[in-house]
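These protein sequences, in sequence, are chains H and R. If you read the first sequence in the numbering used here, its first letter stands for residue 2, the second for the next number, and so on. If you read the second sequence in the numbering used here, its first letter stands for residue 2, the second for the next number, and so on. Backbone N, C-alpha and C define an ideal beta-carbon position, used for all residues, glycine too.
There are 2 protein chains.
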Amino acid sequence: MADIQGNLLRGHLEGMVLSVLERGEGHGYEILKRLQDLGNGALELREGSLYPALYRMEEAGLVQARWESDDSPRRGPRRRIYALTEKGRRELLRSRETWRAFAGVVGRIMEEPA
Amino acid sequence: MADIQGNLLRGHLEGMVLSVLERGEGHGYEILKRLQDLGNGALELREGSLYPALYRMEEAGLVQARWESDDSPRRGPRRRIYALTEKGRRELLRSRETWRAFAGVVGRIMEEPA
DNA sequence: AATAGTACCTAGTTTGTCTAAATAGTAGTT
DNA sequence: AACTACTATTTAGACAAACTAGGTACTATT
């Protein structure tokens, strides 16, 4: 199983998080699990990568964070819920364009017959 | 034009260089131009990224380098010519697999309808 | 002599992922 | 009660690879 992690991910994680949040808000651990699920076991993403990414994105105004209310029915550790902002939505569109350009160019270079 | 550079490239450059060299040996500057051509103006790759990458790859035994002979017919700065080694060829196969896995996973996450 | 293109080199900066820990609540087991 | 495991968040420090921003040197053209 080719593991996707580290340098390969650099610069691509933010778009992936934006994309996951487009389907609905979610807390950090949930975003992590959604990404790992979507990665089908090949995506090795750690908490230590995701949480700092979320903080950067919050600072950049791409996502808005709130603490889950105390009086929610569930028990367990508090969760911080992230949602896309308008700016984040625009950034997602740009991320998709960048991804397509990137995948097109690198794909062509990697796959073109010798 | 979406520019492909910096963090986006991290971890992907080595495979691209291997792939370009599969089509035939070449010197550093030539590899740079070939990549920029293949990138159709979108790939912003600098010498300061490529040369160190070539040194790393030489050290890792993926490519073999030699100085162009002095008595070659052309005039101009000396060139250092890089060629794939057997190990480099094997690594290229692995790079392609990794690329496909990466592009598949990230593509699915980026493009999947919300 | 000035400019531009080819060709290589490299010290130092940047930055985002990862390592590796810590904290804390809940649930199930022995 | 003690344990293990899972959920959930936090963060200091390490690391590595692309980049910045220069430098050298030869050739050709204006």
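| Check | Outcome |
| --- | --- |
| Beta carbon proximity, R:Gly27 to chain H, threshold 7 Å | no |
| C-alpha gap between H:Arg35 and R:Leu22, whole angstroms | 38 Å |
| Backbone CA spacing between R:Gly29 and R:Glu112 [nearest angstrom] | 35 Å |
| Spatial neighbours of H:Arg120 in its chain, beta-carbon cut-off 6 Å, leaving aside the 5 residues before and after | With chain H running from 2 to 115 in the structure shown, residue 120 of chain H is simply not present. |
| Straight-line Cα distance separating R:Asn8 from R:Met17 | 15 Å |
| The region 96 to 109 of chain R touching the region 95 to 115 of chain H, judged by at least three CB pairs closer than 8 Å | yes |
| Where H:Glu17 meets chain R, residues with beta-carbon distance less than 8 Å | According to the sequence displayed, residue 17 of chain H carries Met and not Glu. Within chain R, the residues near H:Met17 are Val107, Ile110 and Met111. |
| Chain H contact residues for R:Gly202, given Cβ-Cβ distances below 7 Å | Chain R is shown from 2 up to 115; residue 202 of chain R falls before or after that span and cannot be answered. |
| Minimum length 4: unbroken alpha helix (DSSP H) runs contained in the region 40 to 82 of chain R | 48 to 60 |
| Proximity test, Cβ basis, 7 Å: R:Ala61 and chain H | no |
| Best match in H:Tyr52, H:Leu19, H:Ile5 and H:Glu60 for proximity to H:Glu45 [C-alpha to C-alpha] | H:Ile5 |
| Within 7 Å, strictly: CB atoms of H:Gly89 and H:Leu14 | no |
| Simplified DSSP state of H:Gly27, which is helix, strand or coil | strand |
| Under 8 Å by beta carbon: chain H residues contacting R:Val21 | Ile110 |
| Members of the region 41 to 60 of chain R that neighbour chain H once the beta carbon cut-off is set at 8 Å | Asn41, Ala43 and Leu44 |
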